[in-house]
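Enquirer: Under our numbering, the first residue of the sequence shown is numbered 696, with each subsequent residue one higher.
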Amino acid sequence: DDVLRQGIQGISELITVPALINLDFADVRTIMSEGGAALMAVGRAQGDDRARKAAEAAINSTLLDVTIDGARGILFNITGGTDLTLFEINEAAAIIKESAHPDVNLIFGAQIDDAMGDEVRITVIATGFEQSRAERRINAERPQNPPPIQRSAPLPPQQQPVQRQQPPTTPNQPPLPPQNPGQPQDQQRPAQPSEPRYDADAQDIPAFLRRRNNR
696 DDVLRQGIQG
706 ISELITVPAL
716 INLDFADVRT
726 IMSEGGAALM
736 AVGRAQGDDR
746 ARKAAEAAIN
756 STLLDVTIDG
766 ARGILFNITG
776 GTDLTLFEIN
786 EAAAIIKESA
796 HPDVNLIFGA
806 QIDDAMGDEV
816 RITVIATGFE
826 QSRAERRINA
836 ERPQNPPPIQ
846 RSAPLPPQQQ
856 PVQRQQPPTT
866 PNQPPLPPQN
876 PGQPQDQQRP
886 AQPSEPRYDA
896 DAQDIPAFLR
906 RRNNR
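1. Pairs of beta-carbons, one from the region 721-734 and one from the region 805-814, closer than 8 angstroms: are there three or more?
2. Of the residues L801, E708, Q741 and R739, which one's Cα is nearest the Cα of A821?
3. Find out if the Cβ-Cβ distance for the pair R767, E793 is shorter than 8 angstroms.
4. Which residue marks the beginning of the alpha helix (DSSP H) containing N785, and which one marks its end?
5. Can you name the start and end residues of the alpha helix (DSSP H) that I802 belongs to?
6. Which of helix, strand or coil does DSSP assign to A753?
7. Just the Cα atoms here: how many angstroms apart are I817 and G742?
8. Leaving out five residues on either side along the sequence, give the residues of the same chain with a beta carbon under 8 angstroms from the beta carbon of I790.
9. Hey, could you find the ends of the alpha helix (DSSP H) R724 is sitting in?
10. Would you kindly work out how many angstroms separate the C-alpha atoms of F824 and A795, rounded to a whole number?
11. Rounded to whole angstroms, what is the Cα-Cα separation between E783 and I763?
12. E814 and R739 - do their beta-carbons sit closer together than 8 angstroms?
13. In the structure shown, what three-state DSSP assignment does A821 receive?
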């Protein structure tokens, strides 16, 4: 909560409070127009190399656990006591620019606040990541919904070839002779007298043998 309070306070102060290097709402709108994901971070440090330490703490936010790598638009404001130097401002700007996109639009401001004492505070707003590492890490931390189960459509029933039944074959019968309608069907032809057959073998058999066979 304190980090969020500091970030909101830093943004409101850089717009409303007169500073050594002034920023206004138009600068904030210019950076936000880069589109994409937007990050806000605050870094604080004191003592030796306070500007460098504050800049490194700002670009490696402990709140979001992300960096500003690949950002195309960055606005930052550095606030310090009366001993804040222009060298420290340039050093902080160089560190922040190295972590951003090569074509980054960098806007910075500087404020003097006697209440800061030996401490330096840097507020950073970064936008326009275009699926950079910061955005990928944010997406990785979000709970992923399981993919919907795709139900396959039922297969259409396969049509089996219909086997046609052949009619039973009947043996070919010879055609019947045409009947004369003038004659009744049950009328039979008169029997023809048969002629006596001549058996040549019987003439060669003696009479007593023929009689024996006939017994």
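Each residue gets a CB set at the ideal place from its N, CA and C atoms; glycine is no exception. Source: prediction; values computed, not measured.
Expert: According to the structure data:
1. With the cut-off at 8 angstroms, the region 721-734 and the region 805-814 do not touch.
2. For the purposes of this step, residue 821 is taken as the residue at position 126 of the sequence shown. Per the Cα distances, L801.
3. Taking the sequence shown and counting its residues from 1, the one referred to as residue 767 is at position 72. Taking the sequence shown and counting its residues from 1, the one referred to as residue 793 is at position 98. If you check the CB distance, R767 and E793 do not come in under 8 angstroms.
4. The residue given as residue 785 occupies position 90 in the sequence shown. Bounds of the alpha helix (DSSP H) holding N785 are L781 to E793.
5. As a position in the sequence shown, residue 802 is number 107, starting the count at 1. I802 -> not in any alpha helix (DSSP H); beta strand (DSSP E) instead, spanning N800 to I807.
6. Here the question's residue 753 lines up with position 58 in the sequence shown. If DSSP states are grouped into helix, strand and coil, A753 belongs with the helices.
7. If you number the sequence shown from 1, residue 817 lands on position 122. If you number the sequence shown from 1, residue 742 lands on position 47. Here the alpha carbons of G742 and I817 stand approximately 15 angstroms from one another.
8. In the sequence shown, residue 790 corresponds to position 95, counting from 1. Listed in chain order, the non-local C-beta contacts of I790 below 8 angstroms within the same chain comprise R747, A750, E751 and I754, local neighbours out to five positions each way being set aside.
9. The sequence position of residue 724 within the sequence shown is 29, counting from 1. For R724, the enclosing alpha helix (DSSP H) has its first and last residue at F720 to M727.
10. One-based indexing of the sequence shown puts residue 824 at position 129. One-based indexing of the sequence shown puts residue 795 at position 100. If you take the alpha carbons of F824 and A795, they lie about 9 angstroms apart.
11. Reading the sequence shown from its first residue, position 88 is the one you call residue 783. Reading the sequence shown from its first residue, position 68 is the one you call residue 763. So the alpha carbons of these two residues sit roughly 20 angstroms apart.
12. Position 44 of the sequence shown holds residue 739. Position 119 of the sequence shown holds residue 814. In this structure, R739 sits near E814, with a CB-CB distance shorter than 8 angstroms.
13. Within the sequence shown, the letter at position 126 stands for residue 821. Strand.
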